[in-house]
Amino acid sequence: MRPVICWFRQDLRLADNPALAAAQADGSPIVALFVLDDETPGIWRAGGASRWWLHHSLQSLGDSLEEIGGSLVLRRGRAESVVCGLADEMGAKAVVWNRAYEPYAIERDKRLKAALLARGIGAESFGGSLLREPWEVRTAAGTPFKVFTPYWRAGFAQWQPSPPLPAPTSLRSALADIESENLADWNLTPSNPDWSGGLRTAWHPGEPSAQFQLSGFLARLSEYAGSRDAPAAAATSRLSPHLHFGEISPRQIWHAVSSQPPSSSAEKFLSEIGWREFSHHLLFYNPQLPHAPLDPKFAAFPWSSDAEKFVRWTRGRTGFPIVDAGMRELWATGWMHNRVRMIGASFLVKQLGVDWRRGAEWFWDTLVDADLANNSASWQWVAGCGTDAAPFFRIFNPVLQGEKFDPHGAYVRRWVPELQLMPDEFIHKPWTAPSELRKGAKSYPEPIVDLAAARARALEAYRSLSAP
DNA sequence: TGAAATGTTGGGGCG
DNA sequence: ACGCCCCAACATTTC
Numbered sequence: 038m039r040p041v042i043c044w045f046r047q048d049l050r051l052a053d054n055p056a057l058a059a060a061q062a063d064g065s066p067i068v069a070l071f072v073l074d075d076e077t078p079g080i081w082r083a084g085g086a087s088r089w090w091l092h093h094s095l096q097s098l099g100d101s102l103e104e105i106g107g108s109l110v111l112r113r114g115r116a117e118s119v120v121c122g123l124a125d126e127m128g129a130k131a132v133v134w135n136r137a138y139e140p141y142a143i144e145r146d147k148r149l150k151a152a153l154l155a156r157g158i159g160a161e162s163f164g165g166s167l168l169r170e171p172w173e174v175r176t177a178a179g180t181p182f183k184v185f186t187p188y189w190r191a192g193f194a195q196w197q198p199s200p201p202l203p204a205p206t207s208l209r210s211a212l213a214d215i216e217s218e219n220l221a222d223w224n225l226t227p228s229n230p231d232w233s234g235g236l237r238t239a240w241h242p243g244e245p246s247a248q249f250q251l252s253g254f255l256a257r258l259s260e261y262a263g264s265r266d267a268p269a270a271a272a273t274s275r276l277s278p279h280l281h282f283g284e285i286s287p288r289q290i291w292h293a294v295s296s297q298p299p300s301s302s303a304e305k306f307l308s309e310i311g312w313r314e315f316s317h318h319l320l321f322y323n324p325q326l327p328h329a330p331l332d333p334k335f336a337a338f339p340w341s342s343d344a345e346k347f348v349r350w351t352r353g354r355t356g357f358p359i360v361d362a363g364m365r366e367l368w369a370t371g372w373m374h375n376r377v378r379m380i381g382a383s384f385l386v387k388q389l390g391v392d393w394r395r396g397a398e399w400f401w402d403t404l405v406d407a408d409l410a411n412n413s414a415s416w417q418w419v420a421g422c423g424t425d426a427a428p429f430f431r432i433f434n435p436v437l438q439g440e441k442f443d444p445h446g447a448y449v450r451r452w453v454p455e456l457q458l459m460p461d462e463f464i465h466k467p468w469t470a471p472s473e474l475r476k477g478a479k480s481y482p483e484p485i486v487d488l489a490a491a492r493a494r495a496l497e498a499y500r501s502l503s504a505p
């Protein structure tokens, strides 16, 4: 019997996987395939932290497939040729996959589909990584949305997803022995040095862990609205990397959260899932989102070229504790609390005047949840050059933000041990502490900018955008 | 999903 | 008792 190839991409799960379910329903033997693609033109090659996650997620997916009588075939290369080649090799009946929405992925998949159909091989794609397809949600005029709130109201207020699909309990596997590469040979995990210790402590990639994480979050859902902005509180879901790799689907999350009693927390959290949808909507209709400001006024913005300050930002040595704590959390664990991402990003763009794309690139390389749509849309939001963007005058003050959201400095002390003994009163502005208190924190840097002066410079630069 | 500057109000000290 | 000033505390405006 001719097999169906189920091509796994950003959907590394068995449950609620429409492509896999369709392959099962077809009745043909199934070949589960993953392709490590660093070659497709325009691709955003996965960064270091993402590659670490991918390694473990693939391991987990392979294990899960084996438990139900299947296996995961690993190949490397330009995906179009690899998939086509394997389909030829197997005499495949069809290839199925769940859609991805990065511009290069859309182009690649379009070419692949045409190539397969031209060879008489079936090709079908499914929606499973988003709640709604980007083109499903439109304004009354039929145009894409530019602003989140109307997008959310139009697309999701009176809307319920269909229930998630169950995971297959046994896989009708292709009998032929199919050559697979060795995951270890892909060198996705770091060595010399192995910097992944903090990631291993913080995370457990894979579909079972994603479900575990979701149920843990549901148990503390009621705290979400009140504590989501406190980085020390661990009140957020921490589902972002699981979602990015598709170890859990947004439909599973939606279903689980909306089965809880209605609450402001549930509503707030679902709207955050909505921001993820909105980012993909924006990327779909604005393929330049990752590399060009949506607002053309920003084309000639006078960004700073101060490499030294940028490096200090990346390493968490700016002298502003809440910023440095966040950047060190990112470096150590591959993740940063959402509130601190906003503070740190605003600091880079507005206080240091550095191009948002430098920040986006750093995040891309260091985040385990690095996602082209979310990352690009969020940085454009912070920089004020997106469509639904933070107004230019919204400049976070890292001292005030720290005092507001980390009032006792618990988060800062966790990631900036130099400030362990600094009293709460000075924890977010240690340079103002009496000298005897600063002695214990001697290795902590002085602030690299004067907040008031930098703020004035930023306002001037942004104001000049709209001036004639 | 701001912050700072500016304006307003009202209680209390004081002559 | 009264007017005056000071200045938190809060509200509004501006960037």
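Residue numbers 38 to 505, in my numbering, belong to the letters of the first sequence in order.
Glycine residues also receive a C-beta, built at the ideal position from the N, C-alpha and C atoms.
query = Which first and last residues belong to the alpha helix (DSSP H) in which Leu319 is found?
reply = Ser301 to Tyr322
ask   = Given that a residue counts as buried once 16 or more other Cβ atoms are within 10 Å of its Cβ, and exposed if not, what is Lys479?
value = exposed
request  = Enumerate, from N- to C-terminal direction, the unbroken beta strand (DSSP E) stretches of 3 or more residues contained entirely within the region 429-482.
outcome  = Correct list: empty.
query = In whole angstroms, what separates the C-alpha of Val27 from that of Lys305?
reply = Because the chain in this structure spans residues 38 to 505, residue 27 falls outside the shown range and cannot be described.
request  = With Ser94 as the anchor, note down where its alpha helix (DSSP H) starts and where it stops.
outcome  = Gly85 to Glu104
query = With distances taken from CA atoms, which of Ser246, Ala269, Glu260 and Pro467 is nearest Asp443?
reply = Ala269
key: Residue closest to Pro333, alpha-carbon to alpha-carbon, out of Gly356, Arg265 and Cys422   = Among Gly356, Arg265 and Cys422, the Cα nearest to that of Pro333 is on Cys422.
query = Using the C-alpha atoms, what's the distance from Ser342 back to Arg265?
reply = 34 Å
inquiry  = Give me the DSSP bridge partner(s) of Cys43.
reply    = Note: Cys43 sits in a beta bridge opposite Ala69 and Val133.
ask   = Based on the DSSP secondary-structure assignment, which residues constitute the bridge partners of Gly159?
value = Ala131
task = Along the beta strand (DSSP E) that carries Ser112, what are the first and last residues, could you check?
result = Residue identity differs from the one stated: residue 112 is Arg in this sequence, not Ser. Its beta strand (DSSP E) spans residues Leu109 to Arg113.
inquiry  = Can you give me the C-alpha to C-alpha distance between Ser210 and Ser166, rounded to a whole angstrom?
reply    = 24 Å
query = Where does Ser228 fall in DSSP's three states?
reply = coil
ask   = Do Val449 and Leu389 have their C-beta atoms within less than 8 Å of each other?
value = no
Whole-angstrom distance between Ser246 and Leu520, CA atom to CA atom = As displayed, the chain neither begins before 38 nor continues past 505, which places residue 520 out of reach and without an answer.
ask   = Beta carbon of Ala204, beta carbon of Ala60: below 8 Å?
value = no
key: C-alpha distance - Asp425 paired with Ser277, whole-angstrom precision   = Going from the Cα of Asp425 to the Cα of Ser277 covers about 22 Å.
ask   = Just how far apart, CA to CA, sit Phe321 and Gly192?
value = Their backbone Cα atoms lie some 16 Å apart in a straight line.
message = So if DSSP puts Val294 in a beta bridge, which residue, or which two residues, is it bridged to?
response = Paired residues: none, contrary to the question.
task = For Asn412, count neighbouring Cβ atoms within 10 angstroms of its own Cβ and tell me buried if that reaches 16, exposed if not.
result = Within a 10 Å sphere around the beta-carbon of Asn412 sit 16 or more other beta-carbons, which makes this residue buried.
ask   = With burial defined as no fewer than 16 other Cβ atoms inside 10 Å of the residue's Cβ, what is the status of Gly122: buried or exposed?
value = Burial call: exposed.
query = Excluding five sequence neighbours on each side, which residues of the same chain lie with their C-beta closer than 8 Å to the C-beta of Ile432?
reply = Ser383, Lys387, Gln388, Arg492, Ala495 and Leu496
request  = Give me whichever residues DSSP pairs with Val391 in a beta bridge.
outcome  = Ser341
ask   = Tell me, which residues are paired with Ser210 by DSSP?
value = Answer is Ile67.
key: Supposed close pair Ala137, Arg46 - CB separation, criterion 8 Å   = 6 Å
message = Residues in the same chain with beta-carbon distance under 7 Å from Trp416, minus the five sequence neighbours each way, listed in chain order, please.
response = Ala382, Trp393, Gly396 and Ala397
ask   = Would the beta-carbon of Arg313 fall within 8 Å of that of Pro201?
value = no
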